[in-house]
Amino acid sequence: MTELETALRQLGGEIDYPPTPDLASAIRGRLERPTRLWRRPAAVALAIVVVAAIAAAFAVPQSRSAILDWLGLRNVSVVRVEKLPVVPATGRLDLGRQVTLDEARRRAPWLRLPEGDPDSVWLNESLPGGKVSLVWGTPSRVRLLLTEVTGRAYIEKVVAGDTQAESVDIGDAGAWFQGPHVVMFRDRDGRFHDSQARLARNTLVWQLGDVTLRLEGGLSKAEALRIARTAS
Amino acid sequence: MVSRPPEDSQLVERARSGDEDAYEELVRAHQGIAFRTAYVIAGNAADAEEAAQEGFVKAYRALGRFRAGSPFRPWLLRIVANEARNRRRSAGRRAALSLRAAGEESSGGAAPSPEGAVLAGEDRERLLEAVNGLREEERLVIACRFFLELSEEETAAALDVRLGTVKSRTSRALEHLREAYD
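Order-wise, the sequence lines are chains A and B. One point on numbering: in the working numbering, the residue at position 66 of the first sequence is 321, and numbering is uninterrupted. One point on numbering: in the working numbering, the residue at position 19 of the second sequence is 29, and numbering is uninterrupted.
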């Protein structure tokens, strides 16, 4: 080996690679899925229908429409089930492509920004009206995720008995979800547009005009509301 | 070469019959090299992570087409690198490779060089600059062969070129580096 080759090998040990993410955990739950993309959401939808039907047989007190009325959130639907469908805990955050804050503002002029600049901004235009995600932390280790949708996109949440959902006073309407629940994004025709269903943590959802905002992270209700109130 | 207990080939066989735990073990064994290969090609961490993740998922689905008995790593790297290239094409400028700050531990667990410190700090910066300044195809072959320490076969798979191309490109790149660096 020449001196140059030796030097290159030595250099190789000193390259500043970003830390390897935990890919093994990230892909868990994605392995069984069929190859064709359109079948993925269908499979998720079916799982939910099945679980919902079982739940109905157990005479769950709150019906879907009742919850919807109570929440007053136009772009959010909540399905209460007996037991949550099995989805990955982390899931794959289908954030779309990374953009600058300026580009996000240009493409989504309706965007509402809270105090404090996010670490990264992501735009997913496969949903009608677009979806913008503001991430604090890194995409593989998200500390705080604020997702905003507008127009015909909407958020579907599947909650079970041990998820608490309560109405909170923020924006035009708001709701706080405490405990694990399943979250999906889809359009008004019921088609899932991006991302697989995944398990979400404590979440605040609220409406500001035509924009629906969703804040997720390891937050208490008070902390979430404090951050949310800075968004305008 | 240290053999891993159990061997890749056994894990691949189990994964092929639907054993997800076996596949997870394979992912853990190879996620480091897969991610770094994707990073070298895609040029940023987010694309590299996506490419490596998507590559592992696609490889799992394609296990039925994997030729039993052949090595798993080059086959996997081909899929991951292809994902990274697709993302590289659609994104903007890549970030150049940079050196870790002095004193930082290696994240990849690379063993200290047996040759000892051949290069002083300044020279290392200058050499890396020369590598970053190479034409893309030459930069990649140097990164694969010397930085990631891939074999010629693995480099051929990752860069989707023939073995002969890897050899000729490597010697051309080394020549250019000598010119730029000396």
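Here a beta-carbon is modelled for each residue, glycine too, at the ideal position from N, C-alpha and C. These numbers come from a predicted model, not from an experiment.
C-alpha distance - residue i paired with residue j, whole-angstrom precision
| i | j | result |
| --- | --- | --- |
| Val50 (chain B) | Leu107 (chain B) | 8 Å |
| Thr467 (chain A) | Arg283 (chain A) | 30 Å |
| Gly113 (chain B) | Gly131 (chain B) | In this prediction, Gly113 (chain B) has a pLDDT of 49, which is less than 50 and means its spatial position is unreliable; what the coordinates show is noted afterwards. Using only the alpha carbons, I get a separation of about 12 Å. |
| Ser422 (chain A) | Gly65 (chain B) | 42 Å |
| Ala307 (chain A) | Ala420 (chain A) | Note that Ala307 (chain A) scores 38 on pLDDT, short of 50, meaning its location in the model is unreliable; the coordinates nonetheless yield the value given after this. C-alpha separation (whole angstroms): 18 Å. |
| Leu10 (chain B) | Ala167 (chain B) | There is simply no residue 10 (chain B) to check, as chain B begins at 11 and stops at 192 in what is shown. |
| Leu399 (chain A) | Ala94 (chain B) | 27 Å |
| Ala190 (chain B) | Ala183 (chain B) | 10 Å |
| Arg352 (chain A) | Arg396 (chain A) | 17 Å |
| Arg71 (chain B) | Glu139 (chain B) | 39 Å |
| Asn142 (chain B) | Glu148 (chain B) | 10 Å |
| Ala153 (chain B) | Asn92 (chain B) | 16 Å |
| Trp377 (chain A) | Gly429 (chain A) | 24 Å |
| Asp357 (chain A) | Ala455 (chain A) | 28 Å |
| Ala165 (chain B) | Ser381 (chain A) | It is worth fixing the name first, because residue 165 (chain B) is Thr in this sequence and not Ala. Taking the straight line from one Cα to the other gives about 35 Å. |
| Asp449 (chain A) | Ser80 (chain B) | Caution applies to Asp449 (chain A), whose pLDDT of 41 falls short of 50 and renders its modelled position unreliable; the value that the coordinates give is listed next. So the two alpha carbons sit approximately 36 Å from each other. |
| Arg465 (chain A) | Ala359 (chain A) | Arg is not the amino acid found at residue 465 (chain A); the sequence shown has Asp there. Distance between the alpha carbons of Asp465 (chain A) and Ala359 (chain A): 17 Å. |
| Leu474 (chain A) | Trp365 (chain A) | 25 Å |
| Thr405 (chain A) | Lys386 (chain A) | 7 Å |
| Pro273 (chain A) | Ile410 (chain A) | 33 Å |
| Arg134 (chain B) | Leu36 (chain B) | 34 Å |
| Pro369 (chain A) | Asn457 (chain A) | 18 Å |
| Asp18 (chain B) | Thr393 (chain A) | 31 Å |
| Pro84 (chain B) | Ala69 (chain B) | 12 Å |
| Val22 (chain B) | Leu144 (chain B) | 37 Å |
| Gly267 (chain A) | Pro373 (chain A) | 33 Å |
| Glu260 (chain A) | Gly371 (chain A) | 47 Å |
| Ala479 (chain A) | Leu278 (chain A) | 29 Å |
| Ser181 (chain B) | Thr47 (chain B) | 21 Å |
| Ser375 (chain A) | Trp461 (chain A) | 22 Å |
| Arg75 (chain B) | Phe82 (chain B) | 12 Å |
| Asp170 (chain B) | Leu150 (chain B) | 11 Å |
| Asn379 (chain A) | Ile270 (chain A) | 32 Å |
| Ile89 (chain B) | Asn54 (chain B) | 18 Å |
| Leu160 (chain B) | Thr418 (chain A) | 49 Å |
| Ala56 (chain B) | Val354 (chain A) | 12 Å |
| Leu158 (chain B) | Phe45 (chain B) | 11 Å |
| Ser280 (chain A) | Ala32 (chain B) | 13 Å |
| Glu198 (chain B) | Ala52 (chain B) | Only positions 11 to 192 of chain B appear in this structure, which leaves residue 198 (chain B) out of reach. |
| Gly174 (chain B) | Leu187 (chain B) | 20 Å |
| Glu471 (chain A) | Phe156 (chain B) | 42 Å |
| Ala264 (chain A) | Met256 (chain A) | Looking at the sequence shown, residue 264 (chain A) is not Ala but Arg. Roughly 10 Å separates the two Cα atoms. |
First through last residue of the beta strand (DSSP E) which encompasses residue i
| i | result |
| --- | --- |
| Val466 (chain A) | 466-472 |
| Leu463 (chain A) | 458-463 |
| Asn379 (chain A) | 375-379 |
Segment limits, alpha helix (DSSP H) that includes residue i
| i | result |
| --- | --- |
| Val354 (chain A) | Premise fails: Val354 (chain A) lies in the beta strand (DSSP E), 352-354, not in any alpha helix (DSSP H). |
| Ala48 (chain B) | 30-52 |
| Leu173 (chain B) | 173-191 |
| Arg2 (chain B) | Not covered by the structure: residue 2 (chain B). The range shown for chain B is 11 to 192. |
| Thr257 (chain A) | Unbroken run through Thr257 (chain A): none, as it is neither H nor E. |
| Thr165 (chain B) | 162-169 |
| Ser280 (chain A) | 278-282 |
| Leu248 (chain A) | No answer is possible for residue 248 (chain A): the residues shown for chain A start at 256 and end at 487. |
| Asp18 (chain B) | 18-26 |
For residue i: DSSP bridge partner residues
| i | result |
| --- | --- |
| Thr393 (chain A) | A:Arg396 |
| Thr402 (chain A) | A:Ser388, A:Arg469 |
| Ser422 (chain A) | A:Ala430 |
| Ile270 (chain A) | B:Leu109 |
| Ala72 (chain B) | Its beta-bridge partners do not exist; DSSP assigns none. |
Supposed close pair residue i, residue j - CB separation, criterion 8 Å
| i | j | result |
| --- | --- | --- |
| Leu459 (chain A) | Ala483 (chain A) | 6 Å |
| Arg97 (chain B) | Glu59 (chain B) | About 10 Å; that fails the 8 Å criterion. |
| Glu162 (chain B) | Val176 (chain B) | 5 Å |
| Thr488 (chain A) | Gln41 (chain B) | Absent from the model: residue 488 (chain A). The displayed extent of chain A is 256 to 487, so no value can be given. |
Cβ-heavy atom distance, residue i to the ligand PLP, below 7 Å
| i | result |
| --- | --- |
| Pro273 (chain A) | In the structure on display, the ligand PLP does not appear, and there are no ligands present to speak of. |
Give me the subset of the region 41-53 of chain B whose CB atoms are less than 8 Å from a CB atom of chain A, sorted by chain position. Gln41, Gly42, Ala44, Phe45, Arg46, Tyr49
Given a limit of 9 Å on CB to CB distance, which residues of the region 267-278 of chain A reach chain B? Gly267, Gly268, Glu269, Ile270, Asp271, Tyr272, Pro273, Pro274, Thr275, Pro276, Asp277, Leu278
Listed from N- to C-terminal order along the chain, which residues in the region 146-168 of chain B have their beta-carbon within a distance smaller than 9 Å of any beta-carbon of chain A? Taking 9 Å as the cut-off between beta carbons, the residues of the region 146-168 of chain B near chain A are Ile152, Ala153, Arg155, Phe156, Phe157, Leu158, Glu159, in sequence order.
Going along the region 76-95 of chain B in order, which residues come within less than 7 Å of chain A, judged by CB to CB distance? none
Tell me which residues of the region 392-408 of chain A have at least one Cβ-Cβ distance to chain B shorter than 9 Å, keeping chain order. Taking 9 Å as the Cβ-Cβ cut-off against chain B, the residues of the region 392-408 of chain A that qualify are Thr393, Pro394, Ser395.
Selection of the region 171-189 of chain B by Cβ proximity to chain A, strictly under 8 Å: Leu184, Leu187, Arg188
Where the region 58-72 of chain B meets chain A: residues whose CB sits under 7 Å from a CB there: Glu59, Ala62, Gln63, Phe66, Val67, Tyr70, Arg71
Selection of the region 131-147 of chain B by Cβ proximity to chain A, strictly under 9 Å: Asp133, Arg134, Leu137, Leu138, Val141
Anything in the region 21-39 of chain B with a Cβ closer than 7 Å to a Cβ of chain A? List those residues in chain order, please. Listed by position along the chain: Glu30, Tyr33, Glu34, Val37, Arg38.
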